[in-house]
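A.B. asks:
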Amino acid sequence: MYFAALLARTEDGWEASDTELDDVETLSDLADLAREASPDEDTVLVLIEQEDAWFGVVRVDGEEDPRIYVSDAAAAARSSYGEILLTDELLGRDPDDDDLDDLDLDGTEDGEPDDEDEEDADDGAVGGVPHGPVGDAGILDDLGVSERELRSMSGDAVGEIAEVLGASEVLETVR
């Protein structure tokens, strides 16, 4: 189960709207959805939370590229909604890498691990996706949520963010 909401900053404060992500396939789709929520090109936050396992914040300021923060990339990678946020750029991957380059044809194909495989297993990443936070932890600094506070959030992180922003009442109307 997940919860997603848009918080759009207006002259009168924050406006919240529940959003359905079933038709969103890419980060670009999500950014377009956020931009539609604010015709004046104000700041829009997309807050996504999945059963207290992970949360994500996407910030769209007008036509600028979206900024992203994900609390636990490995947990988000197991979610179709999390996969929208985990772009190659965010994960530091080269999108032009060919999967054939990843094949290791050194004679250990029959299951014998080589030294490099053992190192990969110990780096804490699952399928190239690290455990823990990724992205721009300073995404909400100017709105009152410091990088340190954002990294320490768990449980109802979306509610905590809304509380600091002064938007908890409007968020609760769409929950």
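The sequence shown runs 28 to 202 under our numbering. Every residue gets a Cβ at the ideal spot worked out from N, C-alpha and C, and that includes glycine. Small disclaimer: the values here were computed from a predicted structure and weren't measured.
For the beta strand (DSSP E) containing LEU34, name the first residue and the last one.
C.D. replies: As a working note, residue 34 is residue 7 in the sequence shown. Its beta strand (DSSP E) spans residues 29-37.
A.B. asks: For my contact list, ALA103 and GLY83 are in at a C-beta cut-off of 8 angstroms; report their separation, rounded to the angstrom.
C.D. replies: Mapped onto the sequence shown, residue 103 falls at position 76. Mapped onto the sequence shown, residue 83 falls at position 56. ALA103 to GLY83, Cβ: 6 angstroms. Contact.
A.B. asks: Alpha carbon to alpha carbon, what distance is there between GLU190 and ILE111?
C.D. replies: Residue mapping note: residue 111 aligns to position 84 of the sequence shown, counting from 1. Residue mapping note: residue 190 aligns to position 163 of the sequence shown, counting from 1. Approximately 26 angstroms between the Cα atoms of the pair.
A.B. asks: Would you list the one or two residues that DSSP bridges to VAL87?
C.D. replies: One-based indexing of the sequence shown puts residue 87 at position 60. Beta-bridge pairing links VAL87 to VAL71.
A.B. asks: Unbroken alpha helix (DSSP H) runs of length 4 or more, entirely within the segment 35-66: which are they?
C.D. replies: The segment 35-66 contains these whole alpha helix (DSSP H) runs: 54-63.
A.B. asks: Start and end of the alpha helix (DSSP H) containing VAL206?
C.D. replies: In the structure displayed, the chain extends from 28 to 202; residue 206 sits before or after that span and is not available.
A.B. asks: With DSSP run on the structure shown, which of helix, strand or coil describes VAL172?
C.D. replies: Stepping through the sequence shown from its first residue, residue 172 is reached at position 145. Note: VAL172 maps to coil in three-state DSSP.
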